[in-house]
Structures are given as structure tokens and as C-alpha cells.
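Going left to right, the sequence shown walks through residues 1 to 208 as full-length UniProt numbering numbers them.
Just so you know, even glycine gets a beta-carbon here, dropped at the ideal spot from N, CA and C.
Beneath this line is the structure, given in C-alpha cells, with notes to follow.
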Amino acid sequence: MSVAFTYPAPIRFAPLPPRSSERFARRHDSGEPHGERVSTRDGRELLLRAIEPGDVAALQRCFSRLSPEDIRRRFLHAMSELPAPMAQRLCQVDPALETAFVLMDESVTPAEMRGVGRIYVDPSADNAEFSVLVERDWSRLGLGALLMQRLVDDCRRRNLCEIWGYVLLENRPMLELCRELGFVRRLLPSEPGTAQISLALGKSDKPR
Ligand SMILES: CC(C)(COP(=O)(O)OP(=O)(O)OC[C@H]1O[C@@H](n2cnc3c(N)ncnc32)[C@H](O)[C@@H]1OP(=O)(O)O)[C@@H](O)C(=O)NCCC(=O)NCCS
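Written out as C-alpha cells, the structure is:
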């Protein structure tokens, strides 16, 4: 999995420093029609695939397992539940403007969602805003990094200039993860306690 990052923009496709293959969750070549099998550092298997309209119940169950802290870190405000219309909206992506990947745990019935990563594209700015979430019992296994890598790859496929997101300054895990991936941090005077983190992407002139 190699991803190129640059910042600021003029340099193209400067590669990330090499990383140990142990750091990220690993991919299996499984021939899965709807995604790919990945295994965590501790050997658990998940299916990585695009989110589907039928994932609403799994998304709501995933939300119900989150701590108030994780909810605030993901949504940047407190929420006690994920209302059905919002869950439906989150599972119904417009492929022209959004990508959302989920990590499904099929070792249980019904299958449970252990992680979600998504981007929203702003075509006028040629960039995309990301968000990512990994359930606490599945954290620190390389899944957040895997989802972020896939989102960065998707932004490159879309030939965007930049991927960015808001992260609370207290959110050390996310800031550290993004720092490792080459993102830079900008403080927001209008939003104390929040940083905007971004990664400039080497944009190709060729259509993809
Ligand atoms: C932030 C989050 C996505 C990280 O997911 P994760 O699957 O645990 O991350 P990874 O296992 O891929 O960790 C990748 C790297 O990030 C850093 N990191 C992750 N968790 C960390 C922690 N608790 N403390 C310090 N560094 C941490 C480490 O550098 C780690 O690499 P290492 O394990 O080789 O040291 C997850 O904790 C989460 O969902 N938090 C709640 C929602 C949120 O904050 N979303 C981000 C804002 S959109």
C-alpha cells in the first residue's frame, strides 16, 4: 500500500517514508465480490467494502456502542443517538461526491460494523473532507490507518488537490495517526480547541 503525499502543493508525489508491513491492517486477496478481506494485527478478519443502503441497522448498532467521547470526536458535538433519517442518509452515498468504506465483522450474526471512513467532495474547491471512526474494541490494530489510506487513495483517483478534516486538539490518537500519514495541522482561531488537518495531493493533469 503506497501512498504519496506532498505539502505544500508544488512538489508532486513525494513518497511517504517506508513503513513496516506490521503497522497497517493487512489485505488478503480473497476474490470477494463485494470487497476485500483484511486482517488486524491480532489476526481478526474483517470485510472492507463500500457502504450500502442496507447497512442502516448495522450503522445504528455501531453508533450505539460508541462512547460519548468517541461520538464527540467523530461528530465534533454530543449526540445521544443516530436518528434513522441521518443513518439512512449516511448509507446512501452519491458516488459523484462521496465515498464511504466500512469494515464489517462477519464473525458474528448479524454482521457488525467496526469502522467507517468517508469523504465528501467539494468540486468547486477540488478537495474532500474526511471523517473516520473505529470502534474502541477494535482500535490500535491498524484499522484507522487503513481507512485513511483508502480515503487518500480515493481522493487521488478522483484527482483532487487536497483531503482535509476537522480534529479536536484533545484527539491525540487522530492527530498522531494523521501526522504519521503526512498531514499538516492548522489551528482555527474561530474554533478554539479544533484543528484543521490537511494533506496536499499530487494532482495529475491526466484525466482518470
Ligand atoms: C482515531 C481513530 C480513528 C484511530 O483508529 P485506530 O484504528 O485505533 O488507529 P490505528 O490502529 O490505525 O493507529 C494508527 C496510528 O495512529 C496513532 N494512534 C492511534 N491510536 C492512538 C492512541 N490511542 N494514542 C496515541 N497514538 C495513537 C499511532 O501512531 C498508531 O500507530 P501505531 O499503533 O503503529 O503506534 C479511533 O481512535 C477513533 O475512531 N476515534 C473516535 C473517532 C475519531 O476521533 N475520529 C477522528 C475525527 S474524524
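{"Asked": "Three-state secondary structure assigned by DSSP to residue 196", "Found": "strand"}
{"Asked": "Residue 66 versus 85, 198 and 116, residue with shortest Cα-Cα distance", "Found": "116"}
{"Asked": "Contacts around residue 179, its chain only, beta-carbon distance under 8 angstroms, and the 5 residues preceding and following it disregarded", "Found": "185"}
{"Asked": "Cβ contact check for the stretch 48-59 and the stretch 85-94: 3 or more pairs under 8 angstroms", "Found": "yes"}
{"Asked": "Beta carbon of residue 128 nearer than 8 angstroms to that of residue 163", "Found": "yes"}
{"Asked": "Residue 113 vs residue 102 beta-carbon contact at 8 angstroms", "Found": "yes"}
{"Asked": "Whole-angstrom C-beta distance between residue 155 and residue 197, which should lie under 8 angstroms", "Found": "With 8 angstroms as the limit, residue 197 and residue 155 do not qualify as a contact, their Cβ atoms being about 14 angstroms apart."}
{"Asked": "Span of the beta strand (DSSP E), counted from its first residue to its last, around residue 186", "Found": "184-187"}
{"Asked": "Residue 137 versus residue 122 - alpha carbon distance", "Found": "33 angstroms"}
{"Asked": "Any heavy atom of ligand 1 within less than 6 angstroms of residue CB: hits in chain order", "Found": "23, 70, 73, 74, 131, 132, 133, 134, 139, 140, 141, 142, 143, 144, 145, 165, 167, 171, 172, 173, 174, 176, 177 and 180"}
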